[in-house]
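Per the working numbering: the sequence shown ends with 751, consecutive numbering throughout.
For every residue, glycine included, the Cβ atom is placed at its ideal position computed from N, Cα and C.
Structure record follows, encoded as C-alpha cells.
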Amino acid sequence: MWEDLEVLQGNPVQKWQDIVFHANRSLVQKQLENLLERLALCETLIHEEGLEDKLLEKARILHFDEDLQQDIGNKKADLAIESMAKILSENE
C-alpha cells in the first residue's frame with residue numbers, strides 16, 4: 660500500500676523541494692519560517708557554547724569523511740521528510 664504512494668518514493672530532499680515549490684504558499688511560508696527559526700536556534704547555541712571552531716572543523720572534514728557525509732545526508736533526508744509531513748498534513 661505505502662509503496663504505491665509517489666511521495667514516499669525517490670530522494671526525500673527532491674520530493675521536499677517539489678512540495679515546497681507546489682504547495683499552498685502560506686503553508687510553505689510557515690514551514691520555511693519554522694526551519695529558519697530552528698537554524699537560528701542552532702546558530703545561537705553554537706555561538707553561546709563557543710562551538711564555532713568545532714563546527715568549522717566538521718565542515719572542513721565533511722568533504723573527506725564518508726561516514727560524516729552519510730550522517731549529514733541521513734539527517735537532511737529526515738528533516739526533509741519531517742518538513743514534508745508538516746506541509747502535507749496542514750494541506751489536507
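Residues near residue i by beta carbon distance below 7 Å, same chain, minus five either side
| i | result |
| --- | --- |
| Leu698 | none |
Cβ separation of residue i and residue j, assumed to be a contact under 8 Å, to the nearest whole Å
| i | j | result |
| --- | --- | --- |
| Leu721 | Ile731 | 7 Å |
| Asn750 | Leu691 | Asn750 to Leu691, Cβ: 15 Å. No contact. |
Distance CB(residue i)-CB(residue j) smaller than 9 Å
| i | j | result |
| --- | --- | --- |
| Ala682 | Leu738 | no |
| Ala736 | Asn693 | no |
| Leu727 | Lys713 | no |
Three Cβ pairs or more, each shorter than 8 Å: is that satisfied between the region 740–750 and the region 673–687? yes
3-residue-minimum beta strand (DSSP E) runs that sit fully inside the region 663–744, ordered along the chain: Listed in chain order, nothing qualifies, since the region 663–744 has no complete beta strand (DSSP E) run of 3 or more residues.
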